[in-house]
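Chains as they are written, first to last, in the working numbering: chain A, 1 to 399; chain B, 1 to 111.
Following: one structure in structure tokens, then a few remarks.
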């Protein structure tokens, strides 16, 4: 038994040595095939890593969002909603709270971009250094005409804590706002274009009347009832649109999944070309290789030995190229921030967040991705390996 | 190189490749753990935001929160159409052209 095991180990060692020798002798072909496979893996891997990271980022704080968002539609477009509608919703059973929200956009000519101005209602939970959302300064003091801005905005406008900024407004009496805090980079993906200010200041800047709100945030006692409550609100407020938190989750998943799908679909011809090239290169045995196999068979190697040696060559190339490709993809997306790829999948904006992305992929997924590449590559090489292994030595040596 | 050296190299390449994938998994896990530690900050800000749409949407549509303003916005502009500008595009906006245009407008003064 021990003898059989040790002879099998010896056989495997010899096959591995032969496979390495073969790869070394055909260095150029090995590097070309392995390099192309590594680059294809890097491209596909980077798209998957980036998409998963963006989707995970969107999902990260979803539990803090309201269960339902109620908007009013006018001519099919979102319009402002009356604050009195909030009372109609409060009367419905299973409603915990209804908050009228004041927020909107302001176009700032100086940076040729939009700001998202968000009014903070009185009594909102305080922001502070404790939870780390602010990198500098403090939270707003109600009624003091203050603002907290994203780092991108503050840096573009050259604002420091204590500086005042007069934002463009339809109301000439809108007060200038004093910068009292800037968001930390950890929340930059959500806040790079955001200005938090007092609700009354936001109303003044955005031209919202005191009886109006941009939308209503509804929280529900039992989240499982949110769909039923959405139907009740739709009946109570004709012309309203109700967005459920669960639907938002599906939107995020679909948005990034679809973008990655479109990108990968565009890359399919290139990947197919690579596979065809790989197949052609592997299946076309050169005269040297044919002679090599013929000599091996003439000196007593069985068909199984030659087949195993050829498959081992493919396994080594596939493992090394997959690992190299995944490492390139990982370094490209996470430490380097996906230059060239991020704008394609994540879009552009003037106030672009520069926060690094966090990997959402784990070891099991990485391993499945690697095996998903190794298995078809090795599978593709079975037929050429079999063809090589069954070559008639006499015929091969005659050429 | 001897046969034994070549065999060792083959084993090293295969095991090393698996180790590289393992290392990437460990690094991803460490980065994720560090990001989890920042959840309190995200929750604090998220409670004040209209939605958790990332600040990546382009200015072309004036939709910073497309998921709640126009639920189909990220997908298409018409039935069965691909989105030609999915919150951005391949090319960056011509920011320098805008800046130049603003400068020209300023130099002309109000009309």
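Just so you know, even glycine gets a beta-carbon here, dropped at the ideal spot from N, CA and C.
In its own chain, which residues sit with a C-beta less than 8 Å from the C-beta of residue i, not counting the 5 before and 5 after it?
i                     : result
residue 92 (chain A)  : 229, 232, 233, 236
residue 326 (chain A) : 41, 42, 45, 366, 369, 370
residue 248 (chain A) : 62, 65
Since residue i contacts residue j with CB under 8 Å, what's their CB separation in whole angstroms?
i                     : j                     : result
residue 362 (chain A) : residue 28 (chain B)  : 6 Å
residue 82 (chain A)  : residue 260 (chain A) : Actually they do not touch by this definition, with Cβ atoms about 41 Å apart.
residue 69 (chain A)  : residue 193 (chain A) : At roughly 20 Å, the Cβ-Cβ gap does not stay under 8 Å, so residue 69 (chain A) and residue 193 (chain A) are not in contact.
residue 253 (chain A) : residue 55 (chain A)  : 6 Å
residue 19 (chain A)  : residue 309 (chain A) : 5 Å
residue 406 (chain A) : residue 203 (chain A) : This structure gives no information on residue 406 (chain A), because the portion of chain A shown stretches from 1 to 399.
residue 378 (chain A) : residue 311 (chain A) : 6 Å
Within its chain, find whatever has a CB closer than 6 Å to the CB of residue i; leave out the 5 residues flanking it on each side and keep chain order.
i                     : result
residue 156 (chain A) : 111
residue 178 (chain A) : 146, 164
residue 79 (chain A)  : 72
residue 114 (chain A) : 105, 107
residue 208 (chain A) : 102
residue 35 (chain B)  : none
residue 86 (chain A)  : 98, 100, 216
residue 67 (chain B)  : 51, 53
residue 360 (chain A) : 52, 53, 56
residue 79 (chain B)  : In this prediction, residue 79 (chain B) scores a pLDDT of 47, lower than 50, which makes its location untrustworthy; the coordinate-derived value is nonetheless stated afterwards. Once the five neighbours on either side are set aside, residue 79 (chain B) has no close Cβ partner at all.
Determine the DSSP secondary structure at residue i, reduced to helix, strand or coil.
i                     : result
residue 136 (chain A) : strand
residue 72 (chain A)  : strand
residue 57 (chain A)  : helix
residue 371 (chain A) : helix
residue 65 (chain A)  : coil
residue 97 (chain A)  : strand
residue 340 (chain A) : coil
residue 361 (chain A) : coil
residue 114 (chain A) : strand
residue 391 (chain A) : coil
residue 17 (chain B)  : helix
residue 386 (chain A) : helix
residue 91 (chain A)  : coil
residue 301 (chain A) : coil
residue 131 (chain A) : coil
residue 80 (chain A)  : coil
residue 198 (chain A) : strand
residue 208 (chain A) : coil
residue 213 (chain A) : strand
residue 380 (chain A) : helix
residue 334 (chain A) : coil
residue 51 (chain A)  : helix
residue 108 (chain A) : strand
residue 84 (chain B)  : Confidence in residue 84 (chain B) is poor, its pLDDT being 48 and thus under 50, which makes the residue's placement too unreliable to answer from.
residue 123 (chain A) : coil
residue 10 (chain A)  : helix
residue 179 (chain A) : strand
Smallest Cα separation from residue i: which of the options?
i                     : options                    : result
residue 43 (chain B)  : A:30, A:193, A:45, A:186   : A:186
residue 149 (chain A) : A:117, A:182, A:140, A:174 : A:182
residue 106 (chain A) : A:291, A:332, A:168, A:160 : A:168
residue 153 (chain A) : A:323, A:338, A:189, A:339 : A:189
residue 343 (chain A) : A:44, A:51, A:84, A:8      : A:51
residue 296 (chain A) : A:390, A:174, A:265, A:257 : A:390
residue 374 (chain A) : A:134, A:319, A:138        : A:319
residue 49 (chain A)  : A:269, A:336, A:309, A:141 : A:336
residue 288 (chain A) : A:323, A:20, A:25          : A:25
residue 407 (chain A) : A:53, A:240, A:140, A:58   : The first residue shown for chain A is 1 and the last is 399, placing residue 407 (chain A) beyond what the model contains.
residue 200 (chain A) : A:21, A:102, A:75, A:393   : A:102
residue 160 (chain A) : A:142, A:136, A:174, A:143 : A:136
residue 141 (chain A) : A:299, A:133, A:122        : A:122
residue 385 (chain A) : A:58, A:314, A:372, A:334  : A:314
residue 125 (chain A) : B:68, B:65, B:46, B:30     : B:46
residue 54 (chain B)  : A:222, A:84, A:272, A:191  : A:191
residue 243 (chain A) : A:218, A:266, A:311        : A:218
residue 323 (chain A) : B:26, B:30, B:13           : B:13
residue 74 (chain A)  : A:388, A:238, A:246, A:330 : A:238
residue 245 (chain A) : A:184, A:8, A:58           : A:58
residue 305 (chain A) : A:251, A:11, A:6           : A:11
residue 16 (chain A)  : B:56, B:1, B:11            : B:11
residue 139 (chain A) : B:48, B:65, B:4            : B:48
residue 387 (chain A) : A:364, A:329, A:290, A:355 : A:290
residue 128 (chain A) : A:328, A:393, A:267, A:180 : A:180
In chain order, what residues of the same chain have a beta carbon less than 7 Å from the beta carbon of residue i, not counting five sequence neighbours either side?
i                     : result
residue 104 (chain A) : 117, 206, 214
residue 94 (chain A)  : 220, 221, 222, 225, 229
residue 30 (chain A)  : 23, 317
Short-range partners of chain C found in the segment 8–24 of chain A, where Cβ spacing is below 7 Å: Of the protein chains in the structure, A and B, none is chain C.
Ranges of the alpha helix (DSSP H) found wholly within the segment 215–280 of chain A, counting only runs of at least 4: 226–236
Alpha helix (DSSP H) segments (min. 4 residues) lying fully within the segment 138–173 of chain A: 151–157
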